[in-house]
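Residue numbers for the sequence shown follow our numbering, beginning at 16 and rising by one.
Where a beta carbon is used, it is the ideal one built from N, C-alpha and C, also for glycine.
Just so we're clear, the structure is a prediction, and the values are computed from it rather than from any experiment.
See structure below.
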Amino acid sequence: MVLVPHCRECRTDVLDDDGRPLYVTARLLDSDLRRQLTAQGWQVTPGDPTLNRGPADPIAGDRLTCPACGLAAAAAADAARQRRDASDALPRTKTVDLAARLGAGWTLTQRAGDAARHRWLVEHDGTVHGHVNRYRRKDRTFSSGWEAHRRADLGHLRVDAITSCAKLRNSSFLWSSRDLAAWGIATAPRHTAPRPAWATRTQTTEA
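Now the structure itself:
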């Protein structure tokens with residue numbers, strides 16, 4: 016079997032010294048070729064030989080990004096960071112101190128427009144760690160359950176509700192209150208963790 020390694024984004028082939036497509040026998044590249052490609056500006060994500068299911072396996076094999084696509088991705092990431100930084104810098108219209116529940120420095124804040132979306136930023140000493148918001152149904156009405164999302168690089172990761180704090184039995188999609196959703200972001204509790212002492216079984220008071 017003969018393969019031509021290429022960029023996973025634009026499909027640009029790796030070329031040999033004569034400018035022709037480079038032929039290899041497996042998607043898992045040898046260390047010398049990896050070093051050569053890296054020196055040429057390619058981004059090489061090594062594959063996992065323990066998962067390899069054959070020389071043409073696209074999942075366990077090396078993943079390549081050409082120099083042009085790498086630069087484009089870096090520029091897009093920089094633009095996304097600038098947009099997020101600008102959003103984080105907007106004035107706060109409301110702040111709720113959660114020190115008594117989450118510890119010193121933890122707050123919930125809103126900017127202009129957040130109230131209409133039932134959205135709060137979860138901050139610690141001024142740094143945004145994520146956000147919580149009421150779940151909006153397909154008919155555009157809002158549920159009394161809350162979603163929690165923790166920041167991760169340039170995106171967000173959903174924080175599933177633990178069993179003791181979930182809005183619905185046997186469902187980890189929504190937290191039962193705003194402050195519990197914020198607690199989930201701040202503390203990353205185990206799925207089997209008990210409900211915090213400050214949280215009653217009824218809806219918590221939300222400013």
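Item to complete: Check whether the Cβ of D129 sits closer than 8 Å to any heavy atom of the ligand MN, and report yes or no.
Response: Within the structure as shown, the ligand MN is missing, as the structure has no ligands at all.
Discussion item. Looking only at its chain, what residues have a beta carbon closer than 6 Å to the beta carbon of R210, apart from the 5 residues adjacent to it on each side?
Written reply: Here residue 210 is taken as the residue at index 195 of the sequence shown, counted from 1. Excluding positions up to five away in sequence, the list reads S179, C180.
Item to complete: Please determine, among T60, L44, R78, the residue with the shortest C-alpha to C-alpha distance to R23.
Response: Within the sequence shown, the letter at position 8 stands for residue 23. Closest option to R23, Cα to Cα, is R78.
Worksheet item: Which first and last residues belong to the beta strand (DSSP E) in which T60 is found?
Response: In the sequence shown, the residue the question calls residue 60 occupies position 45. 58 to 60 is the extent of the beta strand (DSSP E) around T60.
Worksheet item: CA-CA distance, W190 and V111?
Response: Taking the first residue of the sequence shown as 1, we reach residue 190 at position 175. Taking the first residue of the sequence shown as 1, we reach residue 111 at position 96. Going from the Cα of W190 to the Cα of V111 covers about 19 Å.
Fill in: Beta-carbon proximity check, R166 vs V143, cutoff 9 Å
Along the sequence shown, read from residue 1 onward, the residue named residue 166 stands at position 151. Along the sequence shown, read from residue 1 onward, the residue named residue 143 stands at position 128. Contact: yes.
Worksheet item: Does the beta-carbon distance from G128 to V174 come in below 9 Å?
Response: As a working note, residue 128 is residue 113 in the sequence shown. As a working note, residue 174 is residue 159 in the sequence shown. Contact: no.
Discussion item. Taking only three categories from DSSP, how would you classify R210?
Written reply: Along the sequence shown, one-based indexing puts residue 210 at 195. Coil.
Practice prompt. Quick one: using the 10 Å Cβ neighbour count with 16 as the cut-off for buried, is W213 buried or exposed?
Written response: As a working mapping, residue 213 is identified with position 198 in the sequence shown. W213 comes out exposed.
Discussion item. Quick test of your reading: V17 and T40, contact by CB under 8 Å. State the CB separation rounded to the nearest angstrom.
Written reply: As a first step, residue 17 must be located in the sequence shown, where it is residue number 2. As a first step, residue 40 must be located in the sequence shown, where it is residue number 25. Contact flag correct, Cβ pair sits at about 7 Å.
Worksheet item: When burial is assigned at 16 or more other CB atoms within 10 Å of the CB, is C25 buried or exposed?
Response: Here residue 25 corresponds to residue number 10 of the sequence shown, with the count starting at 1. Exposed, since its Cβ has fewer than 16 Cβ neighbours within 10 Å.
Worksheet item: When burial is assigned at 16 or more other CB atoms within 10 Å of the CB, is E221 buried or exposed?
Response: Locating residue 221 in the sequence shown gives position 206, counting from the first residue. Residue confidence for E221 is low, a pLDDT of 48 falling below 50, so the modelled location carries little weight; the figure read from the coordinates is stated next. Its Cβ having fewer than 16 others within 10 Å, E221 is exposed.
Practice prompt. Kindly list the residues whose CB is nearer than 6 Å to the CB of T219, restricted to its own chain and excluding five residues on each side of it in sequence; keep chain order.
Written response: Sequence index remark: in the sequence shown, residue 219 carries index 204 (1-based). Only weak support is given to the placement of T219: the predicted model assigns it a pLDDT of 41, under 50, and the value that follows is read from those uncertain coordinates. S192, D194.
Item to complete: For the alpha helix (DSSP H) holding A115, just list the boundary residues, first then last.
Response: Here residue 115 refers to the residue found at position 100 of the sequence shown. 114 to 117 is the span of the alpha helix (DSSP H), which, as asked, contains A115.
Practice prompt. Could you work out which residue in D154, Y150, R99 is closest to S187 when comparing CA atoms only?
Written response: On the sequence shown, position 172 is the one that residue 187 refers to. Checked all of D154, Y150, R99; the closest Cα to S187 is Y150.
Worksheet item: Can you find at least 3 beta carbon pairs, one from the region 79 to 87 and one from the region 43 to 62, that sit closer than 8 Å?
Response: yes
Practice prompt. Look at the alpha carbon of G141 and the alpha carbon of A90, and state the distance between them as a whole number of angstroms.
Written response: Here the question's residue 141 lines up with position 126 in the sequence shown. Here the question's residue 90 lines up with position 75 in the sequence shown. Spanning the two alpha carbons is a distance of roughly 27 Å.
Worksheet entry | Short Cβ contact (9 Å threshold) for I200 with V137 | Residue numbering aside, residue 200 sits at position 185 when the sequence shown is read from its first letter. Residue numbering aside, residue 137 sits at position 122 when the sequence shown is read from its first letter. In contact: I200 and V137 (Cβ atoms closer than 9 Å).
Discussion item. Counting C-beta neighbours from all protein chains within 10 Å, is the total for R11 16 or more, i.e. buried, or is it exposed?
Written reply: Outside the shown range of the chain, which is 16 to 222, sits residue 11, and nothing can be said about it.
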